[in-house]
Amino acid sequence: MYKARTAWLFLIPTGVLLLTFSIIPAVAALGLSFTNYNVFQPIEWVGIENFSRAFSDDDFWNALWNTFYYWILVTPALIVIPVFLAILVNQQLMGIKVYRLIFYFPALVSVVVTAILWTWMFKSDGLFNAALHSIGINPVDWLTDKFTAMPSLAIVTVWQGLGYYMLFYLAGLQSVSKDLYEAAELDGAGFWAKHIYITFPSLKPIIFFVTVVSTMSAFKEFTLMLTMTAGGPIGSTTTLVYMIFEKAFTDLEMGYASAVSTILFVIILILTLINKRALDTTQQ
Amino acid sequence: MELKTAELQPKIQVKKSRKLSLKHRRNILRWGVSYTLLTILAVVTIMPFLWTVSTSLKGQNETIFSYPPNFTPENFTFENFVTVWNTLNLPLYLWNSVVLSFWGVILPLFFCSLAAFPLARMNFKGKNLVFMIILATMMIPGEVTMIPVYLTISKLGLIGTYSGVILPGVVSAFAIFLMRQAFISIPKELDESAIIDGANAWQIWWHILLPMVKPMLATLAILKFIGAWNNFLWPLLILEDSSMYPLTVGLYELKGTFVSNTRLIAAGALIALIPILIVFIAFQSYFIKSAYSSAVKG
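Chains as they are written, first to last, in my numbering: chain A, 1 to 284; chain B, 1001 to 1298.
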């Protein structure tokens, strides 16, 4: 019906952009990892030097640890809590749509505005400490203490993500047949029985989807650290991407930063494959 | 079999009538618990916004951080909005965000639906390979390619330009995938009859197919608008002249320079939120749809 030439004509403009800004850069990132490129000096091949430097660099291990720590803080919460939130807003209640909108809204707020709002919440005389004060607990230096800085950022991420993931679960819940619940009710099933035997099994694909998406975004997060804590205090919120950003654009060590990007890519790839394996085995 | 159900019928009837009143009581309890939980969660969710709104309306001599926290401004004033509007280049930042968002929506819609058309409706050698390569790029996180993309933009001489900010985000595999799904669902006979009527591929795409996928285009447009309006990293990296900053980068700088003037920053942050809020309320149903199409179908 259509000529092959026509097909390619339609594909070329988009293909050029995809090559320029995605495929070639991916290859280039790998290539740069083996060089000492630093903007000023001519580019030079250094073999695996950047990688061996990374593995003996305390900053790298710190950033790697922080990335996993942040992931463990946010991802389980973002997988579990939105399920219950979705069940809550999936009821036929008056004004339920308004609640859905309220819960979803934080997902749309830019990172800069989020950082502004939450820096105030966490201030030494901010709302969080006022709440603690009212129950007789001493104020906490949320963002300026190396032990509480990362958990504080995790709270912000969970606040922002709950409604977002709730929407996916809600879409899943609405495709579950109502007959199943009615049949279960006739058999005398209560709240928990209904959800354990009907809701959770039918949400399985979405739980995996949310796991993958929230894991990916946890491993890539750094603008929150950039805008709220600047990676501090004493590097306690420096994640891998934050380290890449700093090494590349502040220290201009593009070669070394690329090597860390490559390591990050491998980690993300492994996690994705594990997730995919898990999904395939449960669906069999 | 039929006999059995007939026998059972009266028993069920009896059970139902007794259950109704029980069910009614249970429903009231459920509503009570649900509304209480929902309201507590909603208040927690909007707490940071409430606090910011109250701060932005407080007068110069009022305390902002106090114990117990005070949510109602005593010297109610819009002065902070006026000040931030007049002194901090806010109209300029707003306009820059509008320009960046406009191109950040139009270009992705155009290019992604352009590529989706042959992938959905044409047969040619290498089609599956091309589609697989496009899908594979979804696996490459933008953060990993940040450095080479920056170097490419710099080699193209686009540092300090809006093209440099917009171009890296124009094509996304996910958008191509969504548009392809939309095009596939249109019957093939439409193209055939159009070709017989003498239409070429471009005309079919522009005049027949695109108008038919408007709902998907709208969904994508909203997603792209939110992304472009909130885009922070690329403008921060690429733009040099502060008169070209969008609202996000402008606010980020503001946060640094006016650290002491909480009221002004609160007003600025709220002004940045208003467009998002309007789009969100006006197109709420599309957000649900976009979640549905990415989680359930995708």
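By construction, the Cβ of each residue, glycine as well, lies at the ideal position given by its N, Cα and C atoms.
Since the structure is predicted, the reported quantities are computational estimates derived from the model, not experimental observations.
Report yes or no: is there a C-beta of chain B within less than 8 Å of the C-beta of residue i?
| i | result |
| --- | --- |
| Thr14 of chain A | yes |
| Thr148 of chain A | no |
| Trp71 of chain A | no |
| Leu88 of chain A | yes |
| Leu32 of chain A | yes |
| Ile102 of chain A | yes |
| Lys204 of chain A | no |
| Lys276 of chain A | no |
| Ala28 of chain A | yes |
| Trp120 of chain A | yes |
| Phe55 of chain A | no |
| Gln92 of chain A | no |
| Lys123 of chain A | yes |
| Ser177 of chain A | no |
| Ile268 of chain A | yes |
| Ser258 of chain A | yes |
Using a Cβ cut-off of 8 Å (strictly closer), state whether residue i contacts chain A.
| i | result |
| --- | --- |
| Trp1095 of chain B | no |
| Pro1148 of chain B | yes |
| Glu1007 of chain B | The pLDDT assigned to Glu1007 of chain B is 48, lower than 50, so where the model puts this residue is not dependable; a value taken from the coordinates is nonetheless given after this. By this cut-off, Glu1007 of chain B is not an interface position. |
| Phe1124 of chain B | yes |
| Lys1004 of chain B | Unreliable positioning characterises Lys1004 of chain B in this predicted model, as indicated by a pLDDT of 48, which lies under 50. The coordinate reading is nonetheless provided below. Cβ-Cβ to chain A under 8 Å: no for Lys1004 of chain B. |
| Ala1282 of chain B | no |
| Trp1031 of chain B | yes |
| Gln1230 of chain B | In the sequence under discussion, the amino acid at residue 1230 of chain B is Asn, which differs from the Gln named in the question. Taking Cβ atoms only, chain A reaches closer than 8 Å to Asn1230 of chain B, which makes this a yes. |
| Met1001 of chain B | At Met1001 of chain B, the pLDDT of 41 sits below 50, so the modelled position is not reliable; the number obtained from the coordinates is stated separately. Chain A, which has no Cβ nearer than 8 Å to the Cβ of Met1001 of chain B, makes this no. |
| Val1098 of chain B | no |
| Thr1036 of chain B | no |
| Val1213 of chain B | no |
| Val1165 of chain B | no |
| Pro1187 of chain B | no |
| Thr1152 of chain B | yes |
Can the beta-carbon of residue i be found closer than 8 Å to that of residue j?
| i | j | result |
| --- | --- | --- |
| Val112 of chain A | Tyr1252 of chain B | yes |
| Ile1238 of chain B | Gly1164 of chain B | yes |
| Phe60 of chain A | Val260 of chain A | yes |
| Phe219 of chain A | Ile268 of chain A | yes |
| Met243 of chain A | Ala63 of chain A | yes |
| Ala1115 of chain B | Ile116 of chain A | no |
| Gly1104 of chain B | Asn1231 of chain B | yes |
| Ala154 of chain A | Ile1147 of chain B | no |
| Thr1145 of chain B | Pro82 of chain A | no |
Could you name the residues of the same chain whose beta carbon sits closer than 7 Å to that of residue i, not counting the 5 residues immediately before and after it, in chain order?
| i | result |
| --- | --- |
| Arg277 of chain A | none |
| Thr6 of chain A | none |
| Phe128 of chain A | Met121, Phe122, Trp142 |
| Lys1127 of chain B | Leu1119 |
| Gly47 of chain A | Phe34 |
| Leu1008 of chain B | Interpretation of Leu1008 of chain B is limited by its pLDDT of 49, a score under 50 that renders its predicted location unreliable; the figure taken from the coordinates is listed afterwards. Cβ neighbours of Leu1008 of chain B beyond the five flanking positions: none. |
| Leu32 of chain A | Met254, Gly255, Ser258 |
| Asp1191 of chain B | Arg1121, Ile1204 |
| Ser1097 of chain B | Trp1229, Pro1246, Leu1247 |
Between which two residues does the alpha helix (DSSP H) containing residue i stretch?
| i | result |
| --- | --- |
| Trp1206 of chain B | Trp1206 of chain B -> no alpha helix (DSSP H), and no H or E assigned at all. |
| Ser134 of chain A | 127 to 134 |
| Pro42 of chain A | Per DSSP, Pro42 of chain A belongs to no alpha helix (DSSP H) and is neither H nor E. |
| Asn1086 of chain B | 1079 to 1087 |
| Trp1095 of chain B | 1090 to 1121 |
| Ile1271 of chain B | 1262 to 1282 |
| Lys97 of chain A | 96 to 104 |
| Ile1064 of chain B | Careful: Ile1064 of chain B lies outside any alpha helix (DSSP H) and carries neither H nor E. |
| Glu221 of chain A | Run containing Glu221 of chain A: none; DSSP gives neither H nor E here. |
| Tyr2 of chain A | Taken as a continuous stretch (DSSP letters only), Tyr2 of chain A belongs to no alpha helix (DSSP H), as it is neither H nor E. |
| Asn1200 of chain B | Run containing Asn1200 of chain B: none; DSSP gives neither H nor E here. |
| Phe55 of chain A | 49 to 55 |
| Gly161 of chain A | 149 to 174 |
| Ser1163 of chain B | 1162 to 1166 |
| Gln1181 of chain B | 1173 to 1184 |
| Tyr197 of chain A | Unbroken run through Tyr197 of chain A: none, as it is neither H nor E. |
| Val296 of chain A | Here chain A covers residues 1 to 284 and nothing more, so residue 296 of chain A does not appear. |
Under 8 Å Cβ to Cβ from residue i, same chain only, skipping five residues before and after it: list those, please.
| i | result |
| --- | --- |
| Thr1077 of chain B | Leu1057, Lys1058, Gly1059 |
| Ala1194 of chain B | Gln1203, Ile1204, Ile1208 |
| Phe105 of chain A | Gly163 |
| Gly1160 of chain B | Ile1238, Leu1239, Glu1240, Asp1241, Met1244 |
Grab me the residues of residue i's own chain with a C-beta within less than 6 Å of its C-beta, minus the 5 sequence neighbours each way, in chain order.
| i | result |
| --- | --- |
| Val1170 of chain B | Leu1107, Pro1108, Phe1111 |
| Ala77 of chain A | Val158 |
| Trp987 of chain B | Lying outside 1001 to 1298, the shown extent of chain B, residue 987 of chain B is not represented and no answer is given. |
| Gly172 of chain A | Leu203, Ile206 |
Let me check you understand the geometry: is the CB of residue i closer than 7 Å to at least one non-hydrogen atom of the ligand FMN?
| i | result |
| --- | --- |
| Gly163 of chain A | As for the ligand FMN, it is missing from this structure, which has no ligand bound. |
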